[in-house]
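Novice: Starting off with a structure, shown below.
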Amino acid sequence: MCALLAACSGAQPTPTNAPASPPPARDYWPTDGWRSDAPANRGLDEAALAGLRSQIEQELPFLDSLLIVKDGYLVYEEYFNGYDADRLHQLASVTKSFTSALVGMAQAEGIITDLDATLGGELRTLRGSVAARPAEYLAAPPPADALRPGLR
-19 MCALLAACSG
-9 AQPTPTNAPA
1 SPPPARDYWP
11 TDGWRSDAPA
21 NRGLDEAALA
31 GLRSQIEQEL
41 PFLDSLLIVK
51 DGYLVYEEYF
61 NGYDADRLHQ
71 LASVTKSFTS
81 ALVGMAQAEG
91 IITDLDATLG
101 GELRTLRGSV
111 AARPAEYLAA
121 PPPADALRPG
131 LR
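In this text, residue positions in the sequence shown follow my numbering: the first is -19, and each later residue adds one.
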């Protein structure tokens, strides 16, 4: 699947010794919903995306949906096997994987510096039931390959 998405980007591989570039500035932040945009406006190959649906149906019959977000914009949204945007779906470990990816991005940007630190210190600033929980029970989400819930 990763190779499939990489093929749609039309981008050349970045050498491993190349300096990291800062992420592009966003003109909005999604809250109640995602803004959508044409894939070409976000640097994606529309021809490659056009053939994606049939390729998924042939090679990934278990896939129920695919959404691609680029620069904060929804650029591709397709549903399979009778699913649509309004039908609930069992996510299983997807949430942990997504959270781990976000934690990895926050670590890369220096927002999170210690993955073994508990979140209790941060949660103390919040009011309500989550902040009232003892700090020792809450830990940062694990690495993406661990797939643990982040609770001790």
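Even for Gly, the Cβ is constructed at its ideal location relative to N, Cα and C. Note that the structure is predicted; figures quoted are calculated from it, not measured.
#1: Could you check how far apart the C-beta atoms of residue 53 and residue 16 are, in whole angstroms? I think they sit under 8 Å.
#2: DSSP puts residue 39 in a beta bridge; with which residues?
#3: Could you tell me whether the Cβ atoms of residue 45 and residue 58 are closer together than 8 Å?
#4: How big is the Cα-Cα spacing for residue 13 and residue 83?
#5: Please state whether DSSP places residue 57 in a helix, a strand or coil.
#6: I need the DSSP call for residue 24, collapsed to helix, strand or coil.
#7: Between 49, 71 and 91, which has its C-alpha nearest residue 9's C-alpha?
#8: Let me check one thing: in DSSP terms, what residues is residue 50 bridge-paired to?
#9: So the alpha helix (DSSP H) residue 87 belongs to, where does it begin and stop?
#10: Which word fits residue 34, buried or exposed, when buried means at least 16 other C-beta atoms lie within 10 angstroms of its C-beta?
#11: Anyone know if the C-beta pair for residue 51 and residue 22 falls short of 8 Å?
#12: Let me confirm a value: residue 19 is counted as buried when at least 16 other C-beta atoms fall within 10 Å, else exposed. Which label applies?
Specialist: Looking at the atomic coordinates:
#1: 6 Å
#2: Beta-bridge pairing links residue 39 to no other residue.
#3: yes
#4: 22 Å
#5: strand
#6: coil
#7: 49
#8: 53
#9: 74 to 88
#10: exposed
#11: yes
#12: buried
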